[in-house]
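What follows is one structure encoded as structure tokens, with my remarks underneath.
Numbering (the numbering used here), first residue to last: 221 to 314.
As structure tokens, then:
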């Protein structure tokens, strides 16, 4: 890739993936002195939190116990990472 992109490596055990994104985009999303991996990690956490939030609060019918448990854990980890709840940072509360 060109110099105007950054590649972040994701690893989980033996599995690995790479994500290449525009450097300017990472810079736009950066808060303070965050590193490139921190910026991408924050966006990943937000995206995953939004997905589980949607599965629990915006899907038809009632979510099963497993989905509710995953939501609870995800929201705890979200708050731990950002120091605020999902609803506080998004203005979206149920």
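Beta carbons: idealized from backbone N, C-alpha and C, even for Gly.
Around the beta carbon of residue 294, 16 or more other beta carbons sit within 10 angstroms, so the residue counts as buried. When 237, 236, 280, 292 are compared, the shortest CA-CA separation from residue 268 is found for 292. Between the stretch 280-290 and the stretch 244-259 there are fewer than three C-beta pairs closer than 8 Å, too few to call the two in contact.
By the Cβ-count criterion, residue 312 is exposed, with fewer than 16 other Cβ atoms from all chains shown falling within 10 Å of its own Cβ.
In chain order, 305 place their CB closer than 7 Å to the CB of residue 299, counting only its own chain and leaving out the 5 sequence neighbours on each side. When only Cα atoms are considered, residue 259 and residue 238 end up about 15 Å apart. Beta-bridge annotation (DSSP): residue 237 is paired with 230.
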